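Undergrad: Residues 91 to 1106 in the numbering used here are what the sequence shown spells out, letter by letter. Where a beta carbon is used, it is the ideal one built from N, C-alpha and C, also for glycine. Here the structure is a predicted model, which is why all the values come from computation and not from measurement.
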Amino acid sequence: FQRTLDGYSAEDVANTSGEKVWEGEVDLGRAEPNQMITTAVPVSEALTDTQPGAYVITAKVKNSNQEYWRDMATQWFIVTDLGITTVGGEDGVHAFVRSLSDAAPVAGARVKLVAVNNEILGEATTDATGRADFAPGLARGEGGRAPQLVVVETAGGDYAFLDVNKPAFDLTDRGVEGRATPGPLDVFATTERGVYRPGEFVYFTALLRDLKAKAVTGLPLTMTVERPDGVVAETEVISDGGEGGYFAEVPLVGDAMRGSWQIRLYADPKGDALSSISFLVEDFEPERLAFEVTAADEPIVPGEITAVDVAAKYLYGATAPGLAVEADALIRPIAGMAAFPGYVFGRQDDTTESQYEPLGVVGTTDEAGNAVAEIVLPEPQVTTKPLEARINLRLVDTNGRTIQRSLTRPVVADGDRIGVRPRFADSAGLGQGSDASFDVITVAPSGDTVATEGLSWKLSRVETNYQWYRASGSWKWEAITTTRQVADGTVDTVATGPVAVSAPVDWGRYLFEIESSGDGATSTSYEFYAGYYYPEAGSDTPDTLQVALDKDAYRAGDTAVLKLEPQFAGTALVMVVDDRIIDIKSVQVPAEGTSVELPVTEAWGPGAYVTAVLYRPSDAAEKRMPARALGLSYADVDPGDMKLVVSIDVASEQKPRQPFTATVKLGNVAAGETAYVAVAAVDLGILNLTNFQTPDPDGWYFGQRQLGMDFRDLYGQLIDPTQGLAGALRSGGDGEGGRFGTPPATTVLVAQHSGIVEVAADGTASVTFDMPDFNGTVRLMAMAWSGKAVGHAQADVIVRDPVVVTLSPPRFLRIDDQSRLLVEVNNVAGPAGAYKIELLTGEGLSTSAPQTIVELAAGARTALNLDLIATGLGDNDLRVIITGPDGNALVKQLTLGVRPSSGPRTTSSLVTIAPGETVTIDQSYVADLIPTSGALTAAIGPIARLDVPALLIALDRYPYGCAEQVSSRAFPLLYLNEVAQMIGLGDDAKLDQTIKDAIANLLSKQASNGSFGLWG
91 FQRTLDGYSA EDVANTSGEK VWEGEVDLGR AEPNQMITTA VPVSEALTDT
141 QPGAYVITAK VKNSNQEYWR DMATQWFIVT DLGITTVGGE DGVHAFVRSL
191 SDAAPVAGAR VKLVAVNNEI LGEATTDATG RADFAPGLAR GEGGRAPQLV
241 VVETAGGDYA FLDVNKPAFD LTDRGVEGRA TPGPLDVFAT TERGVYRPGE
291 FVYFTALLRD LKAKAVTGLP LTMTVERPDG VVAETEVISD GGEGGYFAEV
341 PLVGDAMRGS WQIRLYADPK GDALSSISFL VEDFEPERLA FEVTAADEPI
391 VPGEITAVDV AAKYLYGATA PGLAVEADAL IRPIAGMAAF PGYVFGRQDD
441 TTESQYEPLG VVGTTDEAGN AVAEIVLPEP QVTTKPLEAR INLRLVDTNG
491 RTIQRSLTRP VVADGDRIGV RPRFADSAGL GQGSDASFDV ITVAPSGDTV
541 ATEGLSWKLS RVETNYQWYR ASGSWKWEAI TTTRQVADGT VDTVATGPVA
591 VSAPVDWGRY LFEIESSGDG ATSTSYEFYA GYYYPEAGSD TPDTLQVALD
641 KDAYRAGDTA VLKLEPQFAG TALVMVVDDR IIDIKSVQVP AEGTSVELPV
691 TEAWGPGAYV TAVLYRPSDA AEKRMPARAL GLSYADVDPG DMKLVVSIDV
741 ASEQKPRQPF TATVKLGNVA AGETAYVAVA AVDLGILNLT NFQTPDPDGW
791 YFGQRQLGMD FRDLYGQLID PTQGLAGALR SGGDGEGGRF GTPPATTVLV
841 AQHSGIVEVA ADGTASVTFD MPDFNGTVRL MAMAWSGKAV GHAQADVIVR
891 DPVVVTLSPP RFLRIDDQSR LLVEVNNVAG PAGAYKIELL TGEGLSTSAP
941 QTIVELAAGA RTALNLDLIA TGLGDNDLRV IITGPDGNAL VKQLTLGVRP
991 SSGPRTTSSL VTIAPGETVT IDQSYVADLI PTSGALTAAI GPIARLDVPA
1041 LLIALDRYPY GCAEQVSSRA FPLLYLNEVA QMIGLGDDAK LDQTIKDAIA
1091 NLLSKQASNG SFGLWG
């Protein structure tokens, strides 16, 4: 059905699956040469008695001698007065039948739900409102038993059907957004941050609820941890920690693969995942600064100054003066505009490339840490597409590190732009023999739609042929693409909305082009396919009905008032839906509009969509087609006591190197109900790296969701008899997708978690976090839940010394390297006076500035560059001691790695000792080695050639870590551990841990197919 027929298939329809009911000639309407015309064929004259069923009419030019295998002009149709609308969701399939002539509901019609294999899945009869319902199970079939058609027949012989396999209406342009409607088990899962270093722990928390956000308890869940390459690194069964709360500590190995990892939760390991969240594993340093940029939400005019406000402060609370702000801009062409969703602007063959513009230093922060960055964009390249600019602003910290923030704004165009929106599902294409319809608008540089006269459009078929040729002794081919125009015309756009353009298509690839003329001429093109079998093709999204609710949010027991502002009078079917129909009523809507009152009940859940479908009957006298328009609005419902009122009681400032306690308070836990909290304390500088937001379970469970029901109808497929020139009938005729390791981190990461804590009877829970040597802002993030409610809260705590000392060392050094240690001293709240700064280096480091005296006033700051010289290998401790005028001393400590310039070297000597002879082993054997970096072993005896201690040491010191080397290093320890202990490779516990680490390392190098890669 609905495919284009050739001579053979037309004959097969006539002789096998149908019958020929008329044959004749049609005189086409007169029109100008080379212009597309539409001819209306008067079916009622050709058929004096039309029977229920499907009809197909084919046509070809008379006496054309067209080959039998060639496609003919084909039009399928049914003659009916039945308009069908279907709504499908978790409560089944609902069919609504109305008369096309008067829009009245059709009662007593027999409705069938037919499967792909033509089996009748179910039958129902429409009630007085024209509604028929099918149970949910009937719509869940697969394969041949999947629903295909809704067929409607009346006692009077009328007949119609609707394909329920075609895509539902895309209503995202009317406010449908949010997460997908969940299944019976709804999981909220989160980590405590978005990025980790190898060797850390990931703290994972999850809540398991049902569709009404009530706790599902006692169900063990399977957690899998997947590496970036898809290999499952860990699988663990985690248990309910209380009222559907789950918690796990996920360890990352020291050489964990960098990239994006996934944690998935399963109720059934063989089924689909209930949730999936991602996190990054990278080598990173936390940010030290809070950096915010804001600008007016307006398009950028090239050549004019755009002001961007910059605010910066250190995360330990002090202002950040004197920091340079650098900027660059990326001006790039885009296909769409946010204000006009679904529209494409510009030519697809427009090859304008992105334009990068370095802007240099655009500002410097003042004493308050603020600046106004002045951005001036150059004139962009000429293009048919809209442009947007991504402005990247970088704040240069005192240690040379930059922190980047970005904002994106549209760029004012140099002229009008033409927008084209297909009226079909472009991802699926069009069926053969259908019409390709487009909405067209013109948008001025101001962003407003404007009227434009005389836009020229054309539709061309794109054909690709392949030219074979012989070159350099071999056959090669080249694709040659040509276009052949099949339709054209002109159209005038209006300022009030889109205008429609359509043309018939056959099989193949097509290109729609539309252009303006005169000064500032522009054009837009759109490419699509037709003629293939696409089950998603042809959504025919209905016209928009303007609807609005009287409130932003409601409570159960309220009355919601829906206001309808139609473009025509008619009958409206108003429904309240989520993933099922909650309420429904039919109302008459006059041309000036009306209001509909709807009672808000518990069934509305956390929120529901209020939809209205307005039907207009046909009017032959006014040459008016039946029509429908659809509008919807989301009604947010206050969750009431299902949302816990959570607060965190903690002092806003704390000192480092000591614990502090925070109290989480729940204000509305029901009497006798048990509640739990899980609290994370994370450095805001880590959270800012990935823009990690405080976990929000109440937003997850009570926020807006996507529409959980599918709307379809046949109104978009109606053939308009008022279009086209009349054709005259004439009957008769014929028809045819270094083992040295990473140097030690020079900054301490703050990321701690309380685990699951039960709330006391007074509604409070206390958690304690032990702060390391840290200056910055710690964000406390609390999740709270009980059997019936969830909630969250956050609080920022500044952790700092009265005198903040920040150390910025090099990442690592090599032997004999000379570098500097940047020591910044900020007297935030300490006494004024002389401060003594002492630098104590370890054995592998030295300095020429072991002591410095600086004078600091209250609130003042200073920075010192203390030289460092690397003298020995290893991870060396550095200590900086700052002693204030009051005698109080602050000790800062870090570890700085010194690495060799080359890999290790092993030299073996075999010496023969005669009876009574003496051999001396002295410094000459290690004279050319870096001091303290070497080791010497000696084996004496008949098997000295097999020097086991030396081999163990060589393996232990091997600098790299591929799979072969890791296994070679660890395997001998299984049976030579006593020898390993004797030569100083560690005690029994250390060697045991070495073996365990090696196994974890090897597993991290296993690929998804089970094989092991050398390096992962």
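Check whether the stretch 428-439 touches the stretch 495-511, taking contact to mean three or more Cβ pairs, one atom from each stretch, closer than 8 Å.
TA: The stretch 428-439 vs the stretch 495-511: in contact.
Undergrad: Alpha carbon to alpha carbon, how far is residue 468 from residue 503?
TA: Stepping through the sequence shown from its first residue, residue 468 is reached at position 378. Stepping through the sequence shown from its first residue, residue 503 is reached at position 413. So the two alpha carbons sit approximately 13 Å from each other.
Undergrad: Three or more C-beta pairs closer than 8 Å, one from the stretch 337-356 and one from the stretch 748-762: is that the case here?
TA: Because the criterion of three Cβ pairs below 8 Å is not met, the stretch 337-356 and the stretch 748-762 do not touch.
Undergrad: Write down every uninterrupted run of the beta strand (DSSP E) in the stretch 418-459 whose length is 3 residues or greater and which is fully enclosed by it, in chain order.
TA: Here the runs fully enclosed are 445-454.
Undergrad: Quick one: grab the DSSP three-state call for residue 778.
TA: Within the sequence shown, the letter at position 688 stands for residue 778. In this structure, residue 778 counts as coil in the three-state DSSP scheme.
Undergrad: Buried or exposed for residue 538, please, with buried defined as at least 16 other CB atoms from any protein chain shown within 10 angstroms of its CB.
TA: Numbered from 1 along the sequence shown, position 448 holds the residue referred to as residue 538. With fewer than 16 other Cβ atoms within 10 Å, it is exposed.
Undergrad: Assuming residue 732 and residue 303 are in contact, meaning their beta carbons sit under 8 Å apart, how far apart are those beta carbons, in whole angstroms?
TA: For the purposes of this step, residue 732 is identified with residue 642 of the sequence shown, where counting begins at 1. For the purposes of this step, residue 303 is identified with residue 213 of the sequence shown, where counting begins at 1. 6 Å between Cβ atoms; contact.
Undergrad: Quick one: what's got a C-beta closer than 6 Å to residue 343's C-beta in the same chain, skipping five residues either side?
TA: By one-based count along the sequence shown, residue 343 stands at place 253. Hits under 6 Å: 1090, 1094.
Undergrad: Tell me, to the nearest whole angstrom, how far the beta carbon of residue 889 is from that of residue 865; I am working on the premise that it is less than 8 Å.
TA: Locating residue 889 in the sequence shown gives position 799, counting from the first residue. Locating residue 865 in the sequence shown gives position 775, counting from the first residue. About 7 Å separates the two Cβ atoms, so the contact holds.
Undergrad: If you compare alpha carbons, which of 589, 554, 614, 632 is closest to residue 599?
TA: Translated into positions along the sequence shown, residue 599 becomes position 509. Closest by alpha carbon: 554.
Undergrad: In this structure, how does DSSP classify residue 1067 when only helix, strand and coil are distinguished?
TA: Taking the first residue of the sequence shown as 1, we reach residue 1067 at position 977. If DSSP states are grouped into helix, strand and coil, residue 1067 belongs with the helices.
Undergrad: Are the CB atoms of residue 282 and residue 770 within a distance shorter than 7 Å?
TA: Numbered from its first residue, the sequence shown carries residue 770 at position 680. Numbered from its first residue, the sequence shown carries residue 282 at position 192. Cβ distance < 7 Å, so residue 770 and residue 282 count as in contact.
Undergrad: Using only the alpha-carbon positions, how far apart do residue 499 and residue 491 sit?
TA: Here the question's residue 499 lines up with position 409 in the sequence shown. Here the question's residue 491 lines up with position 401 in the sequence shown. Spanning the two alpha carbons is a distance of roughly 26 Å.
Undergrad: Among residues of its own chain, excluding the 5 on either side of residue 235, which ones have a beta-carbon nearer than 8 Å to its beta-carbon?
TA: Numbered from its first residue, the sequence shown carries residue 235 at position 145. Excluding positions up to five away in sequence, the list reads 205, 206, 207, 209, 211.
Undergrad: Under DSSP, the alpha helix (DSSP H) around residue 949 begins and ends at which residues?
TA: Numbered from 1 along the sequence shown, position 859 holds the residue referred to as residue 949. Segment: none, residue 949 is in no alpha helix (DSSP H) and carries neither H nor E.
Undergrad: With distances taken from CA atoms, which of 256, 784, 529 is nearest residue 802?
TA: For the purposes of this step, residue 802 is identified with residue 712 of the sequence shown, where counting begins at 1. The residue with the shortest Cα to Cα distance from residue 802 is 256.
Undergrad: Compare the beta carbon distance of residue 464 and residue 421 with 7 Å and say whether it is the shorter of the two.
TA: Sequence index remark: in the sequence shown, residue 464 carries index 374 (1-based). Sequence index remark: in the sequence shown, residue 421 carries index 331 (1-based). No. Outside cutoff.
Undergrad: Looking at the unbroken alpha helix (DSSP H) that takes in residue 1091, where does it start and where does it end?
TA: Counted from its first residue, the sequence shown places residue 1091 at position 1001. Residue 1091 -> alpha helix (DSSP H) spans 1078-1093.
Undergrad: Under 6 Å Cβ to Cβ from residue 349, same chain only, skipping five residues before and after it: list those, please.
TA: Position 259 of the sequence shown, counting from 1, holds the residue named residue 349. Once the five neighbours on either side are set aside, the close Cβ partners of residue 349 are 318.
Undergrad: In the DSSP output, which residue or residues are listed as bridge partners for residue 294?
TA: Numbered from its first residue, the sequence shown carries residue 294 at position 204. Answer by DSSP bridge pairing, in chain order: 281, 338.
Undergrad: With 16 as the cutoff for other CB atoms within 10 Å, does residue 406 come out buried or exposed?
TA: Reading the sequence shown from its first residue, position 316 is the one you call residue 406. When all chains shown are included, residue 406 counts as buried.
Undergrad: For residue 234, name the three-state secondary structure that DSSP assigns.
TA: Here residue 234 refers to the residue found at position 144 when the sequence shown is read from its first residue. In the structure shown, residue 234 sits in a helix (DSSP, three-state: H, G or I).
Undergrad: Can you have a look at residue 1043 and say buried or exposed, based on whether 16 or more other CB atoms are within 10 angstroms of its CB?
TA: Residue 1043 sits at position 953 when you count from the first residue of the sequence shown. With 16 or more Cβ atoms within 10 Å of its Cβ, residue 1043 is classed as buried.
Undergrad: For residue 694 and residue 366, what's the separation of their Cα atoms in angstroms?
TA: Within the sequence shown, residue 694 is the residue found at index 604, counting from 1. Within the sequence shown, residue 366 is the residue found at index 276, counting from 1. Using only the alpha carbons, I get a separation of about 27 Å.
Undergrad: Give me, in chain order, the residues of the same chain whose beta-carbon lies closer than 8 Å to that of residue 645; leave out the 5 immediate sequence neighbours on both sides.
TA: As a working note, residue 645 is residue 555 in the sequence shown. Around residue 645: 690, 727, 728, 730.
Undergrad: In terms of alpha-carbon separation, which member of 663, 669, 673 lies closest to residue 684?
TA: Locating residue 684 in the sequence shown gives position 594, counting from the first residue. Of the candidates 663, 669, 673, the one whose C-alpha sits nearest the C-alpha of residue 684 is 663.
Undergrad: Can you name the residues that DSSP bridges to residue 593?
TA: Here residue 593 is taken as the residue at index 503 of the sequence shown, counted from 1. Per DSSP, 526.
Undergrad: Report the rounded CA-to-CA distance for residue 274 versus residue 180, giving the unit in angstroms.
TA: For the purposes of this step, residue 274 is taken as the residue at position 184 of the sequence shown. For the purposes of this step, residue 180 is taken as the residue at position 90 of the sequence shown. The alpha-carbon atoms of residue 274 and residue 180 are separated by roughly 11 Å.
Undergrad: Within 10 Å of its beta-carbon, does residue 1100 have 16 or more other beta-carbons around it, so buried, or fewer, so exposed?
TA: Reading the sequence shown from its first residue, position 1010 is the one you call residue 1100. When all chains shown are included, residue 1100 counts as exposed.
Undergrad: If we call anything under 7 Å between Cβ atoms a contact, is residue 385 one with residue 398?
TA: Sequence index remark: in the sequence shown, residue 385 carries index 295 (1-based). Sequence index remark: in the sequence shown, residue 398 carries index 308 (1-based). Yes.
Undergrad: Suppose only complete runs of 3+ residues qualify. What are the beta strand (DSSP E) ranges in the stretch 896-931, listed by chain order?
TA: For the stretch 896-931, whole beta strand (DSSP E) runs of length 3 or above, ordered along the chain, are 908-917, 923-931.
Undergrad: So, helix, strand or coil for residue 827, using DSSP?
TA: Walking along the sequence shown from the start, residue 827 turns up at place 737. Unreliable positioning characterises residue 827 in this predicted model, as indicated by a pLDDT of 34, which lies under 50. The coordinate reading is nonetheless provided below. Residue state, collapsed to three classes: coil.
Undergrad: What's the gap between the Cα of residue 826 and the Cα of residue 522?
TA: In the sequence shown, the residue the question calls residue 826 occupies position 736. In the sequence shown, the residue the question calls residue 522 occupies position 432. Bear in mind that a pLDDT of 37 at residue 826, under 50, signals an unreliable position, so the number given afterwards is only what the model happens to contain. Cα to Cα, the separation comes out at about 19 Å.
Undergrad: Could you tell me which uninterrupted beta strand (DSSP E) segments, each at least 3 residues in length, are contained entirely in the stretch 115-179, listed from first to last along the chain?
TA: Correct list: 144-149, 163-168, 172-179.
Undergrad: I'd like to check one pair, residue 140 with residue 169: are the Cβ atoms closer than 7 Å?
TA: Along the sequence shown, one-based indexing puts residue 169 at 79. Along the sequence shown, one-based indexing puts residue 140 at 50. Cβ atoms of residue 169 and residue 140: closer than 7 Å.
Undergrad: Which same chain residues end up closer than 8 Å to residue 559 when comparing Cβ atoms and leaving out the 5 residues on each side of it in sequence?
TA: To locate residue 559, count along the sequence shown from 1; it is residue 469. Excluding residues within five positions, the ones whose Cβ falls inside 8 Å are 565, 566, 567, 568.
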